Amino acid sequence: MSSATVDAGAEKQHTIVIVGGGAAGISVASSLQKRDRSLDIAIVEPAQKHHYQPGWTMVGGGIFKPEITSKSMAAVMPGFVSWYKQSVSTIDQEHNQVVLADGSRISYQALVLAPGLELNWGAIEGLKESLGSNGVTSNYQEGMASYTWATVQNLKSGRALFSQPPMPIKCAGAPQKAMYLSADFWLRNKALNNIDIEFHNAGAVLFGVPDYVPALENYIRKYDIALNYQSTLVAVNGPARKATFRHMDANGSTEDRDIGFDMLHAVPPQRAPEFIRNSTLANEGGWLDLADDSLCHKRHPNIFGLGDVSGTGNAKTAAAIRKQAPVVAENLIASLRNQPMKAAYLGYGSCPLTVENGRIVLAEFGYNGALQPTFPSWINDGTKATKAAWFLKAKQLPALYWHVMLKGREWLAKPARR
C-alpha cells in the first residue's frame with residue numbers, strides 16, 4: 002500500500018500532522034498507527050530521498066557502500082499516511098494549522114514536529130565552496146563521504162585536520178569516528194608515521210560522558226593524535242589548503258591561528274530549522290521547547306516533538322529517536338483521549354564510536370550522562386572497544402533501521418513510566 006500524495010489547494014484537515022519524513026517522522030507515524038489504525042495521519046516532507054545518516058561515517062571509512070544508506074522517500078513513506086510533498090513555512094499554533102510553502106494550510110488536532118536540524122555551512126567562511134576538492138570533506142554532507150574515503154586512501158603523508166563545532170550537533174561522536182577510521186586505515190597501510198593528525202574541538206573535553214573517555218584516550222595515544230580543545234574552525238581556504246581556528250584560552254581570550262593541511266574533515270555548526278528557531282515554539286537556544294520526559298511542548302499541550310529539533314538534553318542520535326517515538330505515540334494518543342500522559346523518555350542516546358575497523362566503543366547514556374546500557378557487560382562492555390559492538394553497528398543496525406525502526410517495531414524501546 003503506497004501513501005496518498007496530497008496536492009496543495011483547499012484547506013486540508015487531519016487528526017495528526019507530522020512535520021518531517023526523516024527517521025523521527027516516519028518512526029512516530031508507524032508507532033501511532035500500531036496503536037490505533039483508525040488515526041488520520043499526514044506527513045509533510047518535501048525530500049525525494051530518505052537517508053540512513055548513521056551509515057555515512059562508515060562510507061567515509063570504506064566500510065559501507067553509499068547505496069545502502071539511502072532509498073527513495075516513496076519507498077519508506079508509510080502507506081497509511083497522506084503525504085504533502087512541500088516544505089513548511091510557519092506553524093500557526095493558535096489556530097492549530099501548519100502553513101505550507103505555497104501558503105496553503107493543514108489543520109490538525111495534534112501536531113508532531115520532527116523536521117530535523119539545519120547544517121549551518123555559512124557559519125564557517127569558505128567551507129561550503131571548498132567541499133569536495135583540495136582534501137576538504139565532511140561526512141555530514143550528502144554524497145561527500147565517498148570523497149572522504151578517496152581522500153583517506155590517497156593521503157600518504159602530511160597533515161590531517163578533524164574539526165568538531167560547538168554543541169549541540171547530531172551524532173556528537175561522528176567527528177571523532179571519521180578521525181579514528183582514517184587513522185586506522187593509515188596505520189594498517191603503514192602511512193601513519195608520515196601523517197600528523199590534529200583534532201580541533203570547540204568544546205573542552207574529548208567526550209561529554211566521562212565513563213567512555215579512557216577507552217577513547219587509548220586510541221588517541223595509539224594514533225598519536227594531537228588534541229586541541231576550545232579550538233573552533235572559523236574559515237577555510239581550499240586552494241591554499243589553509244584552515245583558520247579560533248582558539249580560546251583559560252581567561253576567555255581568543256586568538257585566530259592559520260594551519261595548513263593536506264586533508265580537512267570539517268563539521269559545520271548546527272541549528273534548528275528557521276520556522277522553529279524564529280518562532281515562539283523555540284526555547285532560548287532556538288530548539289523546540291519540549292518537556293524532557295513527556296516530549297510534549299511546554300506551552301502547547303497538543304504539540305509534540307522528537308528527533309534532532311528537540312531542545313531536550315539528550316544526544317541527537319537515531320538511537321534516541323528509537324526510544325522517543327513510542328513515548329510520543331503513547332502520550333499523543335492519551336492526549337487525544339483526554340487521558341493522563343504516562344510514557345516517559347529518560348534521555349537515552351547511543352553513539353557507536355568506531356575507534357578502528359572491527360571495534361567500537363558503544364556509548365549508551367541518558368540525561369546527565371547516566372549510563373543506560375542495552376546489554377549486560379558480559380555481552381558488551383560499552384566503556385571498552387569491543388568486536389560485539391562492531392558487529393551490531395556494521396552488520397545489524399542498517400537492517401534494523403529500515404525494517405524494524407521505520408516500521409514501528411519497537412524492539413527494546415518500551416517507554417518508561419511517569
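Numbering of the sequence shown is given in our numbering, commencing with residue 2 and proceeding in unit increments.
Glycine included, every Cβ here is placed at the ideal spot set by N, Cα and C.
All values derive from a computational prediction rather than experimental measurement.
Could you check if residue i is buried or exposed, using at least 16 other CB atoms within 10 Å of its CB as the buried criterion?
{"i": "G80", "result": "exposed"}
{"i": "W379", "result": "exposed"}
{"i": "N252", "result": "exposed"}
{"i": "K168", "result": "Checking the displayed sequence, the identity of residue 168 turns out to be Met instead of Lys. Exposed, because fewer than 16 other Cβ atoms sit within 10 Å of the Cβ of M168."}
{"i": "S183", "result": "buried"}
{"i": "S39", "result": "exposed"}
{"i": "K396", "result": "exposed"}
{"i": "M2", "result": "With a pLDDT of 48 at M2, under the threshold of 50, the modelled position of this residue cannot be trusted; read the value that follows with caution. The residue is exposed, with fewer than 16 neighbouring Cβ atoms inside 10 Å."}
{"i": "Q49", "result": "exposed"}
{"i": "D103", "result": "exposed"}
{"i": "N135", "result": "buried"}
Leaving out the 5 sequence neighbours to the left and right, which residues in its chain are closer than 7 Å to residue i when beta-carbon positions are compared?
{"i": "K72", "result": "H51"}
{"i": "S336", "result": "A111, P302, N303, M342"}
{"i": "S31", "result": "P79, L407, K408, G409"}
{"i": "G312", "result": "N284, G286, W288, L289, D290, L291"}
{"i": "L120", "result": "Y141, P269, Q271"}
{"i": "K178", "result": "T58, L354, T355"}
{"i": "V137", "result": "S131, V237, G239, L265, A267"}
{"i": "P47", "result": "K86, Q87, S88"}
{"i": "V37", "result": "At residue 37 the sequence reads Asp, which differs from the Val that was named. The residues are I334."}
In three-state DSSP terms, what is residue i?
{"i": "V310", "result": "coil"}
{"i": "L282", "result": "coil"}
{"i": "S88", "result": "coil"}
{"i": "H96", "result": "coil"}
{"i": "Y224", "result": "coil"}
{"i": "M2", "result": "At M2, the pLDDT of 48 sits below 50, so the modelled position is not reliable; the number obtained from the coordinates is stated separately. Three-state result, M2: coil."}
{"i": "V45", "result": "strand"}
{"i": "S73", "result": "strand"}
{"i": "E218", "result": "helix"}
{"i": "P167", "result": "coil"}
{"i": "Q177", "result": "helix"}
{"i": "E199", "result": "strand"}
{"i": "V29", "result": "helix"}
{"i": "L413", "result": "coil"}
{"i": "Q340", "result": "coil"}
{"i": "L398", "result": "helix"}
{"i": "F65", "result": "coil"}
{"i": "K129", "result": "helix"}
{"i": "V328", "result": "helix"}
{"i": "R418", "result": "strand"}
{"i": "P55", "result": "helix"}
{"i": "H15", "result": "strand"}
{"i": "E275", "result": "helix"}
{"i": "L393", "result": "helix"}
{"i": "A102", "result": "coil"}
Below 6 Å CB to CB, which residues in the same chain sit around residue i once its five sequence neighbours on both sides are set aside?
{"i": "S232", "result": "H201, F246, H248"}
{"i": "W150", "result": "G61, G63"}
{"i": "V20", "result": "V45, V89, L114, P116"}
{"i": "T91", "result": "V100, F276"}
{"i": "P274", "result": "P116, E119"}
{"i": "V1", "result": "Nothing in the structure corresponds to residue 1, since the chain is present only between 2 and 419."}
In whole angstroms, what is the alpha-carbon distance linking residue i and residue j?
{"i": "G174", "j": "E256", "result": "26 Å"}
{"i": "A400", "j": "L413", "result": "15 Å"}
{"i": "T387", "j": "P416", "result": "28 Å"}
{"i": "M180", "j": "Q165", "result": "11 Å"}
{"i": "G26", "j": "G56", "result": "19 Å"}
{"i": "E130", "j": "N339", "result": "52 Å"}
{"i": "L132", "j": "P377", "result": "42 Å"}
{"i": "G144", "j": "F305", "result": "32 Å"}
{"i": "N369", "j": "N315", "result": "8 Å"}
{"i": "L282", "j": "Y224", "result": "45 Å"}
{"i": "N238", "j": "T70", "result": "30 Å"}
{"i": "I226", "j": "L347", "result": "34 Å"}
{"i": "R300", "j": "E95", "result": "11 Å"}
{"i": "D259", "j": "V235", "result": "10 Å"}
{"i": "L207", "j": "G23", "result": "29 Å"}
{"i": "G204", "j": "S83", "result": "42 Å"}
{"i": "K171", "j": "A43", "result": "26 Å"}
{"i": "N229", "j": "G261", "result": "15 Å"}
{"i": "V362", "j": "T375", "result": "13 Å"}
Report yes if the C-beta of residue i is less than 7 Å from at least one heavy atom of the ligand ZN; otherwise report no.
{"i": "K72", "result": "This structure lacks the ligand ZN, and indeed carries no ligand of any kind."}
Starting from the C-beta of residue i, find all residues in its chain whose C-beta is less than 8 Å away, skip the five residues before and the five after it, and write them out in chain order.
{"i": "S158", "result": "A192, N195, I196, D263"}
Pairing CB atoms from the stretch 90 to 108 with CB atoms from the stretch 14 to 34, are three or more of them under 8 Å?
yes
Given 8 Å as the limit, is there contact between the stretch 257 to 272 and the stretch 136 to 152, that is, 3 or more CB pairs closer than that?
yes
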